[in-house]
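Enquirer: For the protein sequence lines, the chains are A and B, in the order given. Heads up: the first sequence begins at 27 in our numbering, then just goes up one per residue. Heads up: the second sequence begins at 27 in our numbering, then just goes up one per residue. Don't be surprised by glycine CBs; every beta carbon is placed ideally from N, CA and C. Model, not experiment: these values are computed from the prediction. One structure follows; several queries about it will come next.
Protein chains: 2
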Amino acid sequence: MDDVLEPAAADFQLPRILAALADPHRLATVRYLARNGESWCTQVLQEAGLAMTKSTFSHHLRILREAGVLTKRIQGTKGFTKLRKDDLDRRFPGLIDAIIDAENQNPSLERSRGSVSLVPMTPRT
Amino acid sequence: MDDVLEPAAADFQLPRILAALADPHRLATVRYLARNGESWCTQVLQEAGLAMTKSTFSHHLRILREAGVLTKRIQGTKGFTKLRKDDLDRRFPGLIDAIIDAENQNPSLERSRGSVSLVPMTPRT
């Protein structure tokens with residue numbers, strides 16, 4: 027049902043992680059998850075200012091998961107995803123914080139995100 | 027003679043910078059320049075453990091310059107390139123240091139680089 031292979035932290039490859047992050051929608055997804063902790067995938071799509079279909083969003087999530095940036099958990103019929111912050115911090119100290127904190131990386135996405143309320147589905151980590 | 031447009035720091039786009047860095051050879055180039063300061067392009071190709079033609083290396087340099095990671099200066103018949111560290115630090119604090127310091131990002135390149143002596147062409151910046 028879910029054939030995405032999530033690498034162990036020891037197998038992370040920096041070029042692949044950077045390629046996974048080199049997209050404004052995937053950056054918006056990562057920033058949303060950094061703020062909100064583990065979230066229902068459908069909620070991320072609705073609230074992170076991502077104007078795309080579920081299918082396209084699934085494609086982006088797959089790229090992030092295959093690189094090691096995100097992990098996914100199925101609960102009942104729902105998929106939840108979260109940032110692998112601890113693994114990323116251990117392998118590439120400071121990298122993900124620098125990317126999350128980068129100012130002005132996509133002003134249009136920032137604005138659209140600002141117009142919706144952000145309700146975490148789960149406690150923040 | 028050189029039609030590459032190097033963006034002003036204010037126009038840097040994080041996705042483009044990450045995409046430019048998402049390649050082991052370009053990462054090796056950036057790390058070499060971080061250690062050695064401004065360098066003769068031919069010397070970077072020879073000493074950074076990059077097994078490729080001049081033409082392919084020029085292509086990689088172009089991608090890095092167009093994203094804003096590197097700048098180039100012509101002196102006589104020689105091209106010199108250096109990392110735009112100050113501009114990158116100002117726009118994306120901590121990002122380039124995290125990438126330069128990342129351990130084990132390409133062990134094979136690290137090994138080949140270790141076998142040659144590194145002689146800076148110009149004083150380190």
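1) Return the CA-CA distance between threonine 55 of chain B and threonine 103 of chain A, expressed in angstroms with no decimal places.
2) Pop quiz: threonine 107 of chain A and glutamate 64 of chain A are said to be a contact at Cβ under 8 Å. What is the actual Cβ separation, rounded to whole angstroms?
3) Counting only runs of 3+ residues fully inside the region 70–131 of chain A, write out the beta strand (DSSP E) ranges in chain order.
4) Just mark leucine 44 of chain A as buried or exposed, buried being the case when its beta carbon has 16 or more other beta carbons within 10 Å.
5) Give me the subset of the region 28–41 of chain A whose CB atoms are less than 7 Å from a CB atom of chain B, sorted by chain position.
6) Taking Cβ positions, are phenylalanine 118 of chain A and leucine 40 of chain A nearer each other than 8 Å?
7) Going by alpha carbons, who is nearest to glutamate 32 of chain B out of B:Arg110, B:Arg57, B:Ser81, B:Ile125?
8) I need the straight-line Cα distance from glycine 120 of chain A to valine 30 of chain B, nearest angstrom please.
9) What does the Cβ neighbour count give for glycine 140 of chain B, buried or exposed, with the cut at 16 atoms within 10 Å?
10) Give me the Cβ distance between leucine 17 of chain A and lysine 80 of chain A, rounded to the nearest whole Å; I'm assuming they're in contact under 8 Å.
11) Please report the distance separating the alpha-carbon of alanine 35 of chain B from that of valine 95 of chain A.
12) Please state if the CB of cysteine 67 of chain A and the CB of leucine 87 of chain A are separated by a distance shorter than 8 Å.
13) Rounded to whole angstroms, what is the Cα-Cα separation between arginine 42 of chain B and isoleucine 126 of chain A?
14) Taking only beta-carbon atoms, is phenylalanine 106 of chain B less than 8 Å away from chain A?
15) Using beta carbons (cut-off 8 Å, strictly below), is leucine 135 of chain A in contact with chain B?
16) Which residue comes first and which comes last in the alpha helix (DSSP H) that contains leucine 31 of chain A?
17) Glutamine 69 of chain A to phenylalanine 83 of chain A, Cα distance in whole Å?
18) Leaving out the 5 sequence neighbours to the left and right, which residues in its chain are closer than 6 Å to arginine 99 of chain A when beta-carbon positions are compared?
19) So which residues on chain B does glycine 75 of chain A lean against when the C-beta distance must stay under 8 Å?
Expert: In brief:
1) 46 Å
2) 7 Å
3) 96–101, 104–109
4) buried
5) Leu40, Pro41
6) yes
7) B:Arg110
8) 31 Å
9) Confidence at glycine 140 of chain B is low in this model, with a pLDDT of 39, below 50, so the placement of that residue should be treated as unreliable; the coordinate-derived value is given next. It is exposed - the Cβ of glycine 140 of chain B has fewer than 16 other Cβ atoms within 10 Å.
10) With chain A represented from 27 up to 151, any question about residue 17 of chain A goes unanswered, as that position is not in the structure.
11) 27 Å
12) yes
13) 15 Å
14) no
15) Model confidence at leucine 135 of chain A stands at a pLDDT of 46, short of 50, so the residue's coordinates are unreliable and nothing is read from them.
16) Careful: leucine 31 of chain A lies outside any alpha helix (DSSP H) and carries neither H nor E.
17) 11 Å
18) Phe106
19) Near glycine 75 of chain A there are no residues of chain B at all, since even the closest Cβ is about 15 Å away, more than 8 Å.
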